[in-house]
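Residue 128 in numbering that gives the first Met the number 0 sits at position 129 of the sequence shown; the count goes up by one each step and never skips. Backbone N, C-alpha and C fix where the C-beta goes; we use that ideal spot for every residue, glycine too. Computed from a predicted structure; not experimentally measured. Have a look at the structure below before the remarks.
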Amino acid sequence: MHNQSYAHYQGKKPRNFEANRRGQSAFELVMVTGLMLVVFTTFFIVITNSSISAKKERDTQILREISLLISDEIILASSSEDGYTRTFEVPVSIDGINFTAELHYDNDIKNHSEVIIKSVNNPIEVEIVDMVQKDVVGTIVQGSNTIQKRDNVVCLNTAACP
Numbered sequence: 000m001h002n003q004s005y006a007h008y009q010g011k012k013p014r015n016f017e018a019n020r021r022g023q024s025a026f027e028l029v030m031v032t033g034l035m036l037v038v039f040t041t042f043f044i045v046i047t048n049s050s051i052s053a054k055k056e057r058d059t060q061i062l063r064e065i066s067l068l069i070s071d072e073i074i075l076a077s078s079s080e081d082g083y084t085r086t087f088e089v090p091v092s093i094d095g096i097n098f099t100a101e102l103h104y105d106n107d108i109k110n111h112s113e114v115i116i117k118s119v120n121n122p123i124e125v126e127i128v129d130m131v132q133k134d135v136v137g138t139i140v141q142g143s144n145t146i147q148k149r150d151n152v153v154c155l156n157t158a159a160c161p
């Protein structure tokens, strides 16, 4: 009887064998799909971060050029003789980047003034601060700027220059 029982199972697969194979195949499919999703998501994040980093670097370089334009004009005026006057242009936007330009001065507390350029309405915030010498007063405007030197004070767009 023992032989019959063995013969009875010989060549036959247990009933749940097919179900186990299908279950294993489904599990493998889910695992492979999950792995592919993780790889794709990681790739997408790396590409996006690289793109954002490159844009921020580009925007920073563009705003740095604006800051240097203004700082160079201040340095030129400060190294000139009294009576120096010059007009220069600051663009409203450059390469699609809108920005603000400010001159902060407080010669009582600090021994310098600051040119501050900030991006505006840009998904990536950029701020550039350049220090320039003290005795610089006035405001920076986008468009035409008049810079002068009177009594060793550099004035930007101000009629109140000494």
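**Report entry** Boundaries of the beta strand (DSSP E) in which S112 is found, first to last residue
**Finding:** As a first step, residue 112 is located in the sequence shown; it is residue number 113 there, counting from the start. Element bounds for S112: 111 to 119.
Requested in this report: Check whether the segment 83 to 98 touches the segment 116 to 123, counting contact only when three or more Cβ pairs, one atom from each stretch, lie closer than 8 angstroms.
Outcome: yes
Query raised in the report: Within this structure, are the beta carbons of A100 and Q60 separated by less than 8 angstroms?
Result: For the purposes of this step, residue 100 is identified with residue 101 of the sequence shown, where counting begins at 1. For the purposes of this step, residue 60 is identified with residue 61 of the sequence shown, where counting begins at 1. Result no, Cβ atoms of A100 and Q60 do not sit closer than 8 angstroms.
Query raised in the report: Going by the beta-carbon positions, is the gap between I73 and V135 smaller than 8 angstroms?
Result: In the sequence shown, counting from the first residue as 1, residue 73 sits at position 74. In the sequence shown, counting from the first residue as 1, residue 135 sits at position 136. Yes, Cβ-Cβ distance for I73 and V135 is below 8 angstroms.
Query - Status (buried if at least 16 other CB within 10 Å, exposed otherwise) for V128 - result: Here residue 128 is taken as the residue at index 129 of the sequence shown, counted from 1. The residue is exposed, with fewer than 16 neighbouring Cβ atoms inside 10 Å.
Requested in this report: Evaluate N151 with the Cβ neighbour count: other Cβ atoms within 10 Å of its Cβ, from every protein chain shown; 16 or more gives buried, anything less gives exposed.
Outcome: For the purposes of this step, residue 151 is taken as residue 152 along the sequence shown, with counting starting at 1. Exposed: under 16 other Cβ atoms inside 10 Å.
Query raised in the report: When the distance is taken between beta carbons, is V125 closer than 8 angstroms to S112?
Result: Here residue 112 corresponds to residue number 113 of the sequence shown, with the count starting at 1. Here residue 125 corresponds to residue number 126 of the sequence shown, with the count starting at 1. No, the pair does not count as a contact, with Cβ atoms beyond the cut-off.
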